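**Q**
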Amino acid sequence: MNAHVLGNRGTAKARRAANSRAVGIGARWGLAARGVLYVLIGVIALQIAFGDGGEQADRGGALAELAGKPFGSVMLWALGVGLVGMALWRLSEAAFGAAGEDGGKARKRALSGARFVFYAFVAYSVLSFAAGEGGGGSGDQQSKDVTARALELPGGQWIVALAGAGVVVAGVWVGARAVLRKYRKHLKRGSMSRHARRFTDVTGVGGGVARGAVFAVIGVFVARAALEYDPDEAKGFDDALRTFAQTPAGPWLLALIAAGLALFGIFSFAMARWRKV
Numbered sequence: 477m478n479a480h481v482l483g484n485r486g487t488a489k490a491r492r493a494a495n496s497r498a499v500g501i502g503a504r505w506g507l508a509a510r511g512v513l514y515v516l517i518g519v520i521a522l523q524i525a526f527g528d529g530g531e532q533a534d535r536g537g538a539l540a541e542l543a544g545k546p547f548g549s550v551m552l553w554a555l556g557v558g559l560v561g562m563a564l565w566r567l568s569e570a571a572f573g574a575a576g577e578d579g580g581k582a583r584k585r586a587l588s589g590a591r592f593v594f595y596a597f598v599a600y601s602v603l604s605f606a607a608g609e610g611g612g613g614s615g616d617q618q619s620k621d622v623t624a625r626a627l628e629l630p631g632g633q634w635i636v637a638l639a640g641a642g643v644v645v646a647g648v649w650v651g652a653r654a655v656l657r658k659y660r661k662h663l664k665r666g667s668m669s670r671h672a673r674r675f676t677d678v679t680g681v682g683g684g685v686a687r688g689a690v691f692a693v694i695g696v697f698v699a700r701a702a703l704e705y706d707p708d709e710a711k712g713f714d715d716a717l718r719t720f721a722q723t724p725a726g727p728w729l730l731a732l733i734a735a736g737l738a739l740f741g742i743f744s745f746a747m748a749r750w751r752k753v
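Quick note, the sequence shown lines up with residues 477 to 753 if you use this note's numbering.
And the structure:
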């Protein structure tokens with residue numbers, strides 16, 4: 477038997493492992509964990525909109541909120557493990573291709589690789605917080621610290637400006653894909669009722685637009701930090717959300733965005749139930 481056939485068999489076995497039941501369970505657990513975080517962030521942001529600004533409306537604030545609940549420590553560990561599952565699922569997609577006709581394309585696999593890095597970082601921060609190591613610190617301060625270090629690099633001003641522009645583009649892309657309902661191709665629509673499809677559209681569009689808007693605002697402030705050579709201009713999730721309350725629409729715009737983020741959390745639960753993995 478030649479090496480080419482053996483190589484093909486090895487690849488096929490690796491692909492089957494990547495698409496195994498364990499990876500599928502990890503993916504769905506991870507989607508549900510993401511949903512919990514976004515629902516909590518949305519609820520905290522709603523509280524800020526209506527005058528209670530005590531908590532951070534970001535991942536750190538969500539983790540602190542969860543830690544204060546009964547069995548909070550158990551829930552934090554479950555959340556972290558779920559996000560590890562999400563990261564491993566994205567890694568398997570990067571290595572062997574995602575579900576769907578175009579899942580093996582280089583662009584899709586590169587995007588899955590970027591998502592793996594992102595969710596690996598989020599999982600690490602959640603597990604660090606669960607272990608009492610402070611992984612849920614202020615995202616606003618982290619943004620300022622990272623921006624300050626980047627500005628000190630050769631060509632740092634350009635690096636930060638390009639990063640900010642990239643985040644703005646990513647935010648617009650996230651919102652546009654939600655409006656165009658691009659998520660539909662990832663769903664098992666044949667096994668969904670008409671009510672479930674409508675519910676997923678409402679949460680997917682509303683949640684995706686809100687999430688994209690927050691990312692775009694974060695990108696604008698990162699770019700502004702580069703233009704003014706001032707890392708304090710950079711904002712994390714919490715500061716970006718509070719910016720919506722400073723517009724002429726006042727706290728009502730923040731409340732609308734907050735509701736959208738909670739919808740995205742609910743959409744993540746729907747994806748955990750019906751997504752093809």
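Backbone N, C-alpha and C define an ideal beta-carbon position, used for all residues, glycine too.
Predicted, not measured: the structure shown is a model, and the values here were computed from it.
1. Nearest CA to the CA of ASP708: which residue from ARG657, ALA646 and ALA624?
2. In this structure, does DSSP put ARG535 in helix, strand or coil?
3. Can you list, in chain order, the residues of its chain whose CB lies under 6 Å from that of ASP715, leaving out five sequence neighbours each side?
4. Taking all protein chains shown into account, decide if VAL696 is buried (16 or more other Cβ within 10 angstroms of its Cβ) or exposed.
5. I'd like to know whether the C-beta atoms of GLY561 and GLY506 end up nearer to each other than 9 Å.
6. Please go through the same chain and pick out, in chain order, the residues whose beta-carbon is closer than 7 Å to the beta-carbon of PHE691, but skip the five residues on each side of it.
7. So VAL499 packs on SER568, CB below 8 Å; how close in whole Å?
8. Let me check understanding here. Comparing Cα to Cα, which of ALA710, SER604, GLY684 and GLY682 lies closest to VAL693?
9. Are the CB atoms of HIS662 and MET747 within a distance shorter than 9 Å?
10. For ARG673, which beta-bridge partners are listed by DSSP?
11. Can you give me the start and stop residues for the alpha helix (DSSP H) that LEU656 sits inside?
12. Here's a check: name, in chain order, each residue in its chain whose Cβ is nearer than 8 Å to the Cβ of GLY684, leaving out the five neighbours to either side.
13. By a C-beta neighbour count over all protein chains shown, 10 Å radius and 16 as the cutoff for buried, is GLU531 buried or exposed?
14. So, for GLY579: in the same chain, excluding its five sequence neighbours on each side, which residues have a beta-carbon less than 6 Å away from its beta-carbon?
15. So, does the region 664 to 680 touch the region 720 to 728, judging by three or more C-beta pairs under 8 Å?
16. Are the beta-carbon atoms of ALA582 and TRP634 separated by less than 9 Å?
17. Output the distance between the C-alpha atoms of SER549 and VAL598, rounded to the nearest integer angstrom.
18. Please classify LEU629: does DSSP put it in a helix, a strand, or coil?
19. Here's the rule: buried if 16 or more other CB atoms are within 10 angstroms of the residue's CB, otherwise exposed. What is LEU559?
20. Assign LEU629 to buried or exposed, taking buried as 16 or more other Cβ atoms, counted over all protein chains shown, within 10 Å of its Cβ.
21. Measure the C-alpha to C-alpha separation of ALA570 and TRP750 and round it to an integer number of angstroms.
**A** On the basis of the supplied data:
1. Indexing the sequence shown from 1 puts residue 708 at position 232. Selected option, being the one with the closest Cα: ALA624.
2. Numbered from 1 along the sequence shown, position 59 holds the residue referred to as residue 535. In this structure, ARG535 counts as helix in the three-state DSSP scheme.
3. Numbered from its first residue, the sequence shown carries residue 715 at position 239. Correct list, in chain order: ASP616.
4. In the sequence shown, counting from the first residue as 1, residue 696 sits at position 220. Per the 10 Å Cβ criterion, buried.
5. Walking along the sequence shown from the start, residue 561 turns up at place 85. Walking along the sequence shown from the start, residue 506 turns up at place 30. The answer is yes: Cβ separation under 9 Å.
6. Counting from 1 along the sequence shown, the entry for residue 691 is found at position 215. VAL643, ALA646, GLY647 and VAL650.
7. Residue 499 sits at position 23 when you count from the first residue of the sequence shown. Residue 568 sits at position 92 when you count from the first residue of the sequence shown. Rounded, the Cβ-Cβ distance is 5 Å, consistent with contact.
8. Residue numbering aside, residue 693 sits at position 217 when the sequence shown is read from its first letter. Out of ALA710, SER604, GLY684 and GLY682, ALA710 has the C-alpha closest to the C-alpha of VAL693.
9. Working through the sequence shown from its first residue, we reach residue 747 at position 271. Working through the sequence shown from its first residue, we reach residue 662 at position 186. Yes, these two residues count as a Cβ contact at 9 Å.
10. For the purposes of this step, residue 673 is taken as the residue at position 197 of the sequence shown. None, per the DSSP bridge assignment.
11. For the purposes of this step, residue 656 is identified with residue 180 of the sequence shown, where counting begins at 1. Unbroken run through LEU656: none, as it is neither H nor E.
12. Within the sequence shown, numbered from 1, the residue matching residue 684 stands at position 208. Closer than 8 Å at the Cβ level, and outside the excluded window around GLY684, lie VAL650, GLY651, ARG653, ALA654, VAL655, TYR659, PHE740 and PHE743.
13. Here residue 531 is taken as the residue at index 55 of the sequence shown, counted from 1. Burial call: buried.
14. Along the sequence shown, read from residue 1 onward, the residue named residue 579 stands at position 103. Around GLY579: GLY573.
15. no
16. Start at 1 with the first residue of the sequence shown, and residue 582 comes out as number 106. Start at 1 with the first residue of the sequence shown, and residue 634 comes out as number 158. No, they are not a contact pair.
17. To locate residue 549, count along the sequence shown from 1; it is residue 73. To locate residue 598, count along the sequence shown from 1; it is residue 122. In a straight line, the C-alpha of SER549 is about 17 Å away from that of VAL598.
18. Residue mapping note: residue 629 aligns to position 153 of the sequence shown, counting from 1. Residue state for LEU629 is assigned as coil, using DSSP reduced to three classes.
19. Counting from 1 along the sequence shown, the entry for residue 559 is found at position 83. Classification for LEU559: buried.
20. On the sequence shown, position 153 is the one that residue 629 refers to. Its Cβ having fewer than 16 others within 10 Å, LEU629 is exposed.
21. Here residue 570 is taken as the residue at index 94 of the sequence shown, counted from 1. Here residue 750 is taken as the residue at index 274 of the sequence shown, counted from 1. Their Cα atoms are separated by approximately 21 Å.
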